[in-house]
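For the first sequence, full-length UniProt numbering gives the first residue as 1, with consecutive numbering after it. Taking it in order: structure first as structure tokens, then the write-up.
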Amino acid sequence: MNYWLIKTEPESYSLEDLKSKGEDVWDGVRNHQARNFIEKMKPGDLVFVYHSGKQKALVGTAKVVSAPYPDPKAADGEKWLAVDIRYNGHLPNPVTLSQIKTSDQLQDLLLVRQSRLSVMSLSKQEADILVTMADA
DNA sequence: GCCAACGTTGGC
DNA sequence: GCCAACGTTGGC
1 MNYWLIKTEP
11 ESYSLEDLKS
21 KGEDVWDGVR
31 NHQARNFIEK
41 MKPGDLVFVY
51 HSGKQKALVG
61 TAKVVSAPYP
71 DPKAADGEKW
81 LAVDIRYNGH
91 LPNPVTLSQI
101 KTSDQLQDLL
111 LVRQSRLSVM
121 SLSKQEADIL
131 VTMADA
């Protein structure tokens, strides 16, 4: 299983929106590095959902439920990708960006190192640490 | 509201 | 193919 982190602005699409839909298309990613991560997603992978903007925290998780497929909203001739994800749950406690930044073990997170990237991979160790922090 | 970090566009 | 100008994202 792989672990991922996706960012969203809750004003435009929040974890609550995903929860109410149950399952939805994750599309609209227009960055090559992010696209390369989506390409590697597999059904069953765990996805952490991060709210940017005011909240700046990981708020919940989702599961990948499809293989990557061409983004239906991509312009003609453009090869962007989308996947279907299903709401998995809210974290017991959101893990804030400042918590992540002050954690010795999470300094290599792309969230910290490359603040504009909207889809990134996590190591199992990083995922475990985040789950532990969310339970604390 | 500002600014850093990127990505994209267009002139040359 | 280089690079300046501009737009966008997102933290502060």
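Glycine residues also receive a C-beta, built at the ideal position from the N, C-alpha and C atoms.
Counterpart residues of M120 in DSSP-defined beta bridges:
Position 120 of the first sequence, counted from the first residue, corresponds to residue 120. Bridge partners of M120: L5.
Check for me: the alpha helix (DSSP H) holding V64 runs from which residue to which?
Translated into positions along the first sequence, residue 64 becomes position 64. Element bounds for V64: not the alpha helix (DSSP H) but the beta strand (DSSP E), A57 to V64.
Reduced DSSP secondary structure (H/G/I, E/B, other) of A74:
In the first sequence, counting from the first residue as 1, residue 74 sits at position 74. Shown here, A74 sits in coil according to DSSP, grouped into three states, outside any helix or strand.
Euclidean distance between Cα positions of V131 and S66
Translated into the one-based positions of the first sequence, residue 131 becomes position 131. Translated into the one-based positions of the first sequence, residue 66 becomes position 66. So the two alpha carbons sit approximately 24 Å from each other.
With distances taken from CA atoms, which of F37, Q99 and V47 is nearest W80?
The count along the first sequence starts at 1 and reaches residue 80 at position 80. Checked all of F37, Q99 and V47; the closest Cα to W80 is F37.
Does the structure place the region 12-23 close enough to the region 44-59 that three or more beta carbon pairs sit under 8 Å?
They touch, by the three-pair rule.
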